[in-house]
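In our numbering, the protein residues as written are -11 to 326.
Using N, Cα and C, we set each Cβ at its ideal position, and we do this for glycine too.
Bear in mind the structure is a predicted one, so any value in this text is a computation, not a measurement.
Working notes, structure below.
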Amino acid sequence: MKGIYFKEPHNIKFKTDLSKPELKPDEVLVKVKYCGICGSDIESYETGALMLTGIILGHEFSGDVIEVGDKVKKIKIGTRVTANPNLPCGKCYWCIHDQENMCKDSYGLGLTHNGALAEYIKVKEDRLHKLPDNISYEEGAMVEPLAVATYAVQESGIKLGENAVVIGAGTIGLLTIQVLNAAGAGKIIVIEPVESKQKKALEVGADVVLNPKNWSKISKFTKKIGADHVFDCVAIPQTINNTMKIVKKGGHITFIGIHVEPFQVEGFLQLLLKNISIRGVFSYTNDTFTDTITLLEKRKINVKPLITKIIKLEEVPEMFKILSQLEHEEIKVLTKIQ
Ligand SMILES: [Zn+2]
Ligand SMILES: [Zn+2]
-11 MKGIYFKEPH NIKFKTDLSK PELKPDEVLV KVKYCGICGS DIESYETGAL
39 MLTGIILGHE FSGDVIEVGD KVKKIKIGTR VTANPNLPCG KCYWCIHDQE
89 NMCKDSYGLG LTHNGALAEY IKVKEDRLHK LPDNISYEEG AMVEPLAVAT
139 YAVQESGIKL GENAVVIGAG TIGLLTIQVL NAAGAGKIIV IEPVESKQKK
189 ALEVGADVVL NPKNWSKISK FTKKIGADHV FDCVAIPQTI NNTMKIVKKG
239 GHITFIGIHV EPFQVEGFLQ LLLKNISIRG VFSYTNDTFT DTITLLEKRK
289 INVKPLITKI IKLEEVPEMF KILSQLEHEE IKVLTKIQ
């Protein structure tokens, strides 16, 4: 079968001779329709930090069930699906305390196991989620990144009417803006350098968009008090250090963006002097995945403006090179597999 093979950092290959997955009794074979390219795929492509080499990439996907294992009970052939790509053990301390995203074994489809940038993927039955009729396959491939934003907003504890600064208007930033609106946030201020993404942020519901040159203007838009909540979807040293400056005393910072390399923290004292609460969020739980599908089904979120390009499987390696550049125009690139 055709698929995208992660050989090593800076080296992914379009292959046509990959073997079609063989099912275990509790697994289902999905014929992949669409699969998104994620920021974490690019991070791994550049640093090798997150995904294992020697696997097929891709964890944001939709498709049709075409074969089921002998022990599969709930899912039938022909069902339209997406999947939670995390593969928790189900037995460790975190798994039995409803924190499967903290499982001691961080296994995942397109991470440690073969992913969905391929014609077929095998998935355990309990990881599959049915797509309601009003959610298209393209939208179905957006459920996974939307679950990241949904979880971040859920975990931030934001209350009705509280304002928020969202740093970065890439996929996760644009989804976070929309989830914040669905959650009843007050004013939403976005920091983004790329003009096309600034426009997109306003289109999906931001109230104010600022260039990173204008961090100091946040004060004006928050009545000189500072932001109730800050969501850093970029997490480069400059943004991380600025979060502590723009958040109000007693405010909350949520880190969603991934940062791998060490860097110098400025103004650490502010953290104490301002009573700041900081938290990182990673992935999402299976319950959040279900909540996310409901948000889409009820049309609380519009993922369509985020899809800037649809490419073919063979075009993926070239697209990874483009997406590796810090300031590109793409938001979500989907691969149409079949
Ligand atoms: Zn992703
Ligand atoms: Zn576990």
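Check, Outcome
"Would you list the residues sitting across from Lys205 in a DSSP beta bridge?", "According to DSSP, which records beta bridges pairwise, Lys205 is partnered with nothing at all."
"Which of the three DSSP states, helix, strand or coil, is assigned to Asp279?", "helix"
"Glu143 and Arg267 - do their beta-carbons sit closer together than 9 Å?", "yes"
"Taking Val167 as the reference, which of Ile289, Ile(-8), Asp121 and Ala189 has the closest Cα?", "Ile289"
"Any idea if Tyr22 is buried or exposed, counting beta-carbon neighbours within 10 angstroms, 16 or more meaning buried?", "buried"
"Less than 8 Å between the CB atoms is what I'm expecting for Ala104 and Gly98, so what's the real figure, rounded?", "6 Å"
"Within its chain, find whatever has a CB closer than 7 Å to the CB of Leu116; leave out the 5 residues flanking it on each side and keep chain order.", "Val16, Ile63, Val69 and Ala71"
"Would DSSP call Arg115 helix, strand or coil?", "helix"
"Check for me: the beta strand (DSSP E) holding Ala327 runs from which residue to which?", "The shown model of the chain, from -11 to 326, leaves out residue 327, and the question about it has no answer."
"Hey, Leu75 and Asp93: beta-carbon distance below 9 Å or not?", "yes"
"State the Cα-Cα distance for the pair Gln258 and Val321, rounded to the nearest angstrom.", "38 Å"
"Can you tell me the Cβ-Cβ gap for Gly156 and Gly214, rounded? I've got them flagged as a contact below 8 Å.", "That belief does not hold up - the Cβ atoms of Gly156 and Gly214 are roughly 19 Å apart, past 8 Å."
"Name all residues in chain order for which at least one heavy atom of ligand 1 lies closer than 6 Å to the residue's CB.", "Cys26, Ser28, His47, Glu48, Glu132 and Pro133"
"Should Ala37 go down as buried or exposed, given a rule of 16 or more other Cβ atoms within 10 Å for buried?", "exposed"
"Taking just the CA atoms, how far does Gly24 sit from Gly46?", "7 Å"
"Who's in the neighbourhood of ligand 2, going by beta-carbon under 5 Å from any heavy atom, listed in chain order?", "Pro76, Cys77, Cys80, Cys83 and Cys91"
"How long is the line joining the alpha carbons of Asn229 and Phe270, rounded to whole angstroms?", "20 Å"
"Which residue from Lys(-10), Lys175 and Gly193 puts its Cα closest to that of Asn102?", "Lys(-10)"
"Quick one: give me the first and last residue of the alpha helix (DSSP H) that Asn229 is part of.", "Pro225 to Ile234"
"Here's the rule I'm using: 16 or more other beta-carbon atoms within 10 Å means buried, otherwise exposed. How should His61 be labelled?", "Checking the displayed sequence, the identity of residue 61 turns out to be Lys instead of His. Lys61 should be labelled exposed."
"Using C-beta distances below 6 Å, list every residue in its chain close to Lys262, excluding the 5 sequence neighbours before and after it, in chain order.", "Lys237"
"Output the boundary residues of the alpha helix (DSSP H) element that contains Asn327.", "The first residue shown for the chain is -11 and the last is 326, placing residue 327 beyond what the model contains."
"Residue range of the alpha helix (DSSP H) that Leu190 falls in?", "Glu183 to Glu191"
"Kindly list the residues whose CB is nearer than 8 Å to the CB of Glu55, restricted to its own chain and excluding five residues on each side of it in sequence; keep chain order.", "Leu11, Val16, Leu17 and Ile65"
"Excluding five sequence neighbours on each side, which residues of the same chain lie with their C-beta closer than 6 Å to the C-beta of Ser184?", "Glu317"
"I need the DSSP call for Cys328, collapsed to helix, strand or coil.", "What the structure shows of the chain is the stretch from -11 to 326, and residue 328 is not part of that stretch, so it cannot be assessed."
"I'd like to know whether the C-beta atoms of Leu119 and Val291 end up nearer to each other than 9 Å.", "no"
"Mind checking His(-2): buried by the 16 CB within 10 Å criterion, or exposed?", "exposed"
"Between Ile43 and Tyr108, what straight-line distance do the alpha-carbon atoms span, to the nearest angstrom?", "14 Å"
"Exposed or buried, which one is Phe251 when buried takes at least 16 other CB atoms within 10 Å?", "exposed"
"Can you name the residues that DSSP bridges to Ala106?", "Gly(-9)"
"So, for Ala140: in the same chain, excluding its five sequence neighbours on each side, which residues have a beta-carbon less than 7 Å away from its beta-carbon?", "Thr164, Phe219, Thr242, Ile244 and Val269"
"Could you please give the first and the last residue of the uninterrupted alpha helix (DSSP H) stretch that includes Asp29?", "Gly27 to Thr35"
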